[in-house]
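Taking it in order: structure first as structure tokens, then the write-up.
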Amino acid sequence: EWKKRAYFHHTGYPKGASWTLAWQLHEINPTLVSSSEFQYLVLKRLGQTILFCVSRLWIWQHWWLYLFAKIIIDIIFLNTIIIIKKHLKSFLLKVKSWSNK
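Here the working numbering = 1-based position in the sequence shown + 36.
As structure tokens, then:
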């Protein structure tokens, strides 16, 4: 099967693209096919690892955003409750003073 595999090469010049069969490359340089396959597999695995890490990082970042938003909302809510409690306390003191008169 590896003999039927074709490798792409471009010289950089116009119309410099060419496809070469694996057995032809093997005749030129016996280690070229195995080294190119090894490089392809390593880069493919590295790409999958990076993609996995980036997706996990994306989820982790959004978890922190969610947590940060929840904390901010809780702080705002608690501050609002504290302010309402202060106003209610002062209002009740005023009402109590009115009832004493």
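All C-beta atoms in this analysis are idealised placements derived from N, C-alpha and C, irrespective of residue type, glycine included.
Verify whether the separation of the beta carbon atoms of residue i and residue j is less than 7 Å.
| i | j | result |
| --- | --- | --- |
| Arg41 | Ala53 | no |
| Tyr138 | Thr56 | Look at the range of the chain in this structure, 37 to 137, and you will see that residue 138 is not part of it. |
Please classify residue i: is it buried, with 16 or more other beta-carbons within 10 angstroms of its beta-carbon, or exposed?
| i | result |
| --- | --- |
| Val78 | exposed |
| Tyr69 | Reading off the sequence, residue 69 comes out as Val, not Tyr. It is buried - the Cβ of Val69 has at least 16 other Cβ atoms within 10 Å. |
| message | Could you tell me which whole beta strand (DSSP E) segments of length 3 or greater appear in the segment 41-126? | response | Segments of the beta strand (DSSP E) lying fully in the segment 41-126: 42-46 and 53-57.
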